[in-house]
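Numbering (the numbering used here), first residue to last: 15 to 904.
Set out below in structure tokens:
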């Protein structure tokens, strides 16, 4: 009986506890009564939270009855706290737009992990993808975690229509990131949180909330500060959030990979903030080749403080220091015909680096951003942003160039000079063997290993003031941004680039000795002829001493060739030897600076509830001071960039049909020629017409995007295909790029996330008229530019995590591939075509992800595919690699 009474008592206690649990149901809308999907709704003091569905609805169960405080937060909207009484079943919350500041990481419920279709950066307005005429692709932090990504280059393999051209090298301040092809044009990742930043290759993935790749020319909002004709790449960083939390992680694997990272978030002064977040990492990694390494230290503290419901303040900085060897890139010959037409004919050994760990560059960078976001009224917000960037490049930089022996052929002028014909019996026996040897090197693929020594720094300062409004004129809703943009850039370069050694090799000492004292060899030479011979010798010596220093000729298999120009050459270069050489080379110092002043306006106008116009205009004024010591390269330019887009939601909140016309430009600095003259270039301009569809179906479980674009670029500056030793630039009247892009992000059922994309691009030089030199560059006409990358790019990644209630709960698997069609890394009528073959690279991962611990394993290049990328180069890519990671979450 006593046991029965105890059971009854326990049942009553449990029933009473259940009875004290209530629920919260409601709708979240904006100030125009439009539902907002994906809003994070949390019950403060608990870990209970959900997200609103595509109709803005949410439901939270098992909440203790009585007074509770809930918090609502969403990208591009003011965070809102509400005191409510539970149960509450008909709650309606209005949120007002503002800057993206706080990120709530405790909320669960966003099932489509690979889709992030709302941003405050792409249009400088918080727009849903379905109402934005701009096309962009997003790589989320969840996707990076699934793939155990350790660098930004690998992360961008997931972006639609993006293919790497060049490796990240740190070769110059602000230019150390990799180059990527997008819609037929080269671009770099140079934006952090919508503002310019330096050498983003050092940004650790643990710091990345998402990567946004904005497609097409985007000058109306971003100018030419950090964009290209094909698009721009913006890294969105993780922001501080309410509460304490974070993680520490360790990753190790193939090629000596060791990476330690930490992400720590904490309030600084109690529950109401300010909030502080620290991201830090240290990476060491060797090359998959026989030499090469990279070491990167990265730290990024940030603070966000919501002073009150009107004022938000945030500050962030990134400091990185990277030390690395130059990744192996084999530059193909220019100005003369190729011998091999593909890697197989070249018989290249992809395991060879052509370098040693003694030769490296050090690239420290320092970026800051301060954002003050003030809600003037329910309709207007002021956003003030100050950003600065500082970067250095110090050390030895290495090139491997096919056809470098062409420089020796300059000696042929001594044999053809009519004033020296009488001395042919003396000069020819000295010159001809060198010409023959150089000609022999040109008959084989002999890569000249070239070095220079760099010491440079650059600074950027950027101030931006935006006024963002959301208001109605009559029945027409306007979301307007009016902005002012000021950018100041300066660079100080101290470079050593010369060859004091070449004239001490082969027959140069005897040849130059004759010109210095001709009468000692041939006493019959008239004395009045001696000064002219002395001058000729000095001219020859000066010309060859001005060449870049090279220490070896190496074939594609990594074998050092025995030549009289590089006596004692070895495969592994020595920093000690290079220091001895460059101590004899004078340092050339130059300072450059420029300023850009801009004003822009962009309006999203709701003509009807479902029909939206995107209108924009930007005016840029460039003040180029150029080299401070040379007034010839000073100039000013003014450029206007319009934009218009149309979006019609054929099925509201589910399917949009869109089109856009947008413009872009790249400001090109003038070139100082050897004779002191200045060649100026028109800004490269582009116009894009685009149309397509966007969908968000089944409550956000299926996002589809498809578009067709047509870009016309005018006055594009490229390398003259006829130039061999000295790189000359020309401008092409017209280049046309057109293509298709498809992207899918799907969550068919709980636990499964899929991302896939396919792109096809057709870029062609349609008018090869060049104002520079007043000629037709027929060598490029109707050809695909080398920077355009592969015409076809594709990728897929699928991730499945077993759900609660199964014995495999917390275990997940990922698998996918990325690939591209063949690519002509050299493509002109003089040199010919060098074709990098098509490839498909398979990758796979497995992980255990619990509340406190995550363990992940990854195999990159599962089938050990041998493949290459490049832009006038051959860049071997990494072989099969295994990675493991352990994360502790707190």
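Ideal Cβ positions, reconstructed from N, Cα and C, are used throughout, including at glycine.
(message) For residue 578, count the other beta carbons within 10 Å of its own beta carbon; 16 or more makes it buried, fewer makes it exposed. Which is it?
(response) On the chain shown, residue 578 is found 564 positions in, with the first residue counted as 1. Burial call: exposed.
(message) Rounding to the nearest angstrom, what Cα-Cα distance links residue 121 and residue 794 in this structure?
(response) Taking the chain shown and counting its residues from 1, one reaches residue 121 at position 107. Taking the chain shown and counting its residues from 1, one reaches residue 794 at position 780. With a pLDDT of 37 at residue 121, under the threshold of 50, the modelled position of that residue is not reliable, and the figure given next carries that caveat. Each residue's alpha carbon lies about 54 Å from the other.
(request) Please look up how many angstroms separate the CB atoms of residue 395 and residue 371, rounded, as I've assumed it's under 8 Å. (result) Locating residue 395 in the chain shown gives position 381, where the first residue counts as 1. Locating residue 371 in the chain shown gives position 357, where the first residue counts as 1. Actually they are not in contact, since the Cβ atoms of residue 395 and residue 371 sit about 52 Å apart, beyond 8 Å.
(message) Once the 5 residues before and after residue 285 are set aside, which same chain residues still bring their CB inside 8 Å of it?
(response) For the purposes of this step, residue 285 is taken as residue 271 along the chain shown, with counting starting at 1. Result list for residue 285: 256, in chain order.
(request) Would you kindly report the start and end of the unbroken beta strand (DSSP E) that includes residue 275? (result) Position 261 of the chain shown holds residue 275. Where residue 275 is concerned, the enclosing beta strand (DSSP E) stretches over 271-281.
(message) Using 9 Å as the threshold, is the C-beta distance between residue 469 and residue 508 below it?
(response) Position 455 of the chain shown, counted from the start, is the residue given in the question as residue 469. Position 494 of the chain shown, counted from the start, is the residue given in the question as residue 508. Contact flag set, yes.
(message) Suppose only complete runs of 3+ residues qualify. What are the beta strand (DSSP E) ranges in the segment 558-588, listed by chain order?
(response) 563-569
(message) Taking the straight line between their C-alpha atoms, what separation do you get for residue 725 and residue 390?
(response) To locate residue 725, count along the chain shown from 1; it is residue 711. To locate residue 390, count along the chain shown from 1; it is residue 376. Taking the straight line from one Cα to the other gives about 39 Å.
(message) Given this structure, state the Cα-to-Cα distance separating residue 334 from residue 886, to the nearest angstrom.
(response) As a working mapping, residue 334 is identified with position 320 in the chain shown. As a working mapping, residue 886 is identified with position 872 in the chain shown. Their backbone Cα atoms lie some 29 Å apart in a straight line.
(request) Whole angstroms is fine: what's the gap from residue 563's alpha carbon to residue 813's? (result) Taking the chain shown and counting its residues from 1, the one referred to as residue 563 is at position 549. Taking the chain shown and counting its residues from 1, the one referred to as residue 813 is at position 799. Each residue's Cα considered, the two are about 50 Å apart.
(request) Could you please give me the residues that DSSP links to residue 80 through a beta bridge? (result) Reading the chain shown from its first residue, position 66 is the one you call residue 80. In DSSP, residue 80 forms a bridge with 100.
(message) Quick check: the Cα distance between residue 425 and residue 558, rounded to an integer number of angstroms?
(response) In the chain shown, the residue the question calls residue 425 occupies position 411. In the chain shown, the residue the question calls residue 558 occupies position 544. So the alpha carbons of these two residues sit roughly 10 Å apart.
(message) Given this structure, state the Cα-to-Cα distance separating residue 511 from residue 879, to the nearest angstrom.
(response) Numbered from its first residue, the chain shown carries residue 511 at position 497. Numbered from its first residue, the chain shown carries residue 879 at position 865. Going by the C-alpha atoms only, they are around 38 Å apart.
(request) List in chain order: all unbroken alpha helix (DSSP H) runs of 4+ residues lying wholly within the segment 587-675. (result) 589-596
(message) Please state the DSSP three-state secondary structure of residue 720.
(response) Taking the chain shown and counting its residues from 1, one reaches residue 720 at position 706. Of the three classes helix, strand and coil, the one that applies to residue 720 here is strand, per DSSP.
(message) With the cut-off set at 9 Å, would you say residue 399 and residue 479 are in Cβ contact?
(response) Your numbering for residue 399 matches position 385 in the chain shown. Your numbering for residue 479 matches position 465 in the chain shown. Cβ distance < 9 Å, so residue 399 and residue 479 count as in contact.
(request) Return the chain-ordered list of same chain residues with a C-beta closer than 7 Å to the C-beta of residue 823, the five sequence neighbours on each side being excluded. (result) Along the chain shown, one-based indexing puts residue 823 at 809. Excluding residues within five positions, the ones whose Cβ falls inside 7 Å are 816 and 817.
(request) Tell me whether the beta-carbon of residue 625 lies closer than 9 Å to the beta-carbon of residue 661. (result) Within the chain shown, the letter at position 611 stands for residue 625. Within the chain shown, the letter at position 647 stands for residue 661. Yes, Cβ-Cβ distance for residue 625 and residue 661 is below 9 Å.
(request) Express the C-alpha separation of residue 279 and residue 421 in angstroms, rounding to a whole number. (result) In the chain shown, the residue the question calls residue 421 occupies position 407. In the chain shown, the residue the question calls residue 279 occupies position 265. Rounded to whole angstroms, residue 421 to residue 279 spans 58 Å at the Cα level.
(request) Can you check DSSP and say which residues form a bridge with residue 4? (result) Any question about residue 4 goes unanswered here, given that the chain covers just 15 to 904.
(request) Assign residue 192 to one of two classes, buried (16 or more other C-beta atoms within 10 Å of its C-beta) or exposed (fewer than that). (result) By 1-based counting over the chain shown, the position of residue 192 is 178. When all chains shown are included, residue 192 counts as buried.
(message) At the level of alpha carbons, what is the spacing between residue 50 and residue 904?
(response) Residue numbering aside, residue 50 sits at position 36 when the chain shown is read from its first letter. Residue numbering aside, residue 904 sits at position 890 when the chain shown is read from its first letter. For residue 50 and residue 904, the distance between alpha carbons rounds to 30 Å.
(request) Have a look at residue 282 and residue 251 and give me their C-alpha separation to the nearest angstrom. (result) Within the chain shown, numbered from 1, the residue matching residue 282 stands at position 268. Within the chain shown, numbered from 1, the residue matching residue 251 stands at position 237. If I take the Cα positions, the gap works out to 20 Å.
(message) Once the 5 residues before and after residue 119 are set aside, which same chain residues still bring their CB inside 7 Å of it?
(response) Taking the first residue of the chain shown as 1, we reach residue 119 at position 105. Note that residue 119 has pLDDT 37, beneath the 50 cutoff, so the model's placement of it is unreliable and the number below is only indicative. Only 255 and 259 meet the Cβ criterion.
(request) Return the chain-ordered list of same chain residues with a C-beta closer than 6 Å to the C-beta of residue 939, the five sequence neighbours on each side being excluded. (result) With the chain covering 15 to 904 only, the question about residue 939 has no answer from this structure.
(request) Locate the beta strand (DSSP E) running through residue 749, then write down its first and last residues. (result) Taking the chain shown and counting its residues from 1, the one referred to as residue 749 is at position 735. That run of the beta strand (DSSP E) goes 743-760.
(request) Please report how far the alpha carbon of residue 544 lies from the alpha carbon of residue 369, in whole angstroms. (result) Your numbering for residue 544 matches position 530 in the chain shown. Your numbering for residue 369 matches position 355 in the chain shown. Taking the straight line joining both Cα atoms gives about 44 Å.
(message) Can you look up residue 548 in the DSSP assignment and give me helix, strand or coil?
(response) If you number the chain shown from 1, residue 548 lands on position 534. Correct three-state label for residue 548: helix.
(message) So the candidates are 752, 649 and 872; which of them puts its Cα closest to the Cα of residue 638?
(response) The residue you call residue 638 lines up with position 624 of the chain shown. The residue with the shortest Cα to Cα distance from residue 638 is 649.
(request) For residue 843, I'd like the list of residues in its chain whose CB is within less than 6 Å of its CB, leaving aside the five on either flank, ordered along the chain. (result) Residue numbering aside, residue 843 sits at position 829 when the chain shown is read from its first letter. Around residue 843: 793.
(request) With a threshold of 16 other CB atoms inside 10 Å of the CB of residue 789, please say whether the residue is buried or exposed. (result) For the purposes of this step, residue 789 is taken as residue 775 along the chain shown, with counting starting at 1. When all chains shown are included, residue 789 counts as exposed.
(request) Name the two residues that bound the continuous alpha helix (DSSP H) containing residue 183. (result) Within the chain shown, the letter at position 169 stands for residue 183. It is not in any alpha helix (DSSP H) - residue 183 carries neither H nor E in the DSSP assignment.
(request) Have a look at residue 185 and residue 582 and give me their C-alpha separation to the nearest angstrom. (result) For this step, residue 185 is matched to residue 171 along the chain shown. For this step, residue 582 is matched to residue 568 along the chain shown. Spanning the two alpha carbons is a distance of roughly 28 Å.
(request) Could you name the residues that DSSP lists as bridge partners for residue 883? (result) Counting from one through the chain shown, the residue named residue 883 turns up at place 869. Residue 883 pairs with 889.
(request) For residue 749, collect the residues of the same chain with a Cβ closer than 6 Å to its Cβ; drop the 5 residues on either side in sequence, then sort them by chain order. (result) Numbered from its first residue, the chain shown carries residue 749 at position 735. Cβ neighbours of residue 749 beyond the five flanking positions: 727, 730 and 779.
(request) Check whether the segment 295-312 touches the segment 349-360, counting contact only when three or more Cβ pairs, one atom from each stretch, lie closer than 8 Å. (result) no
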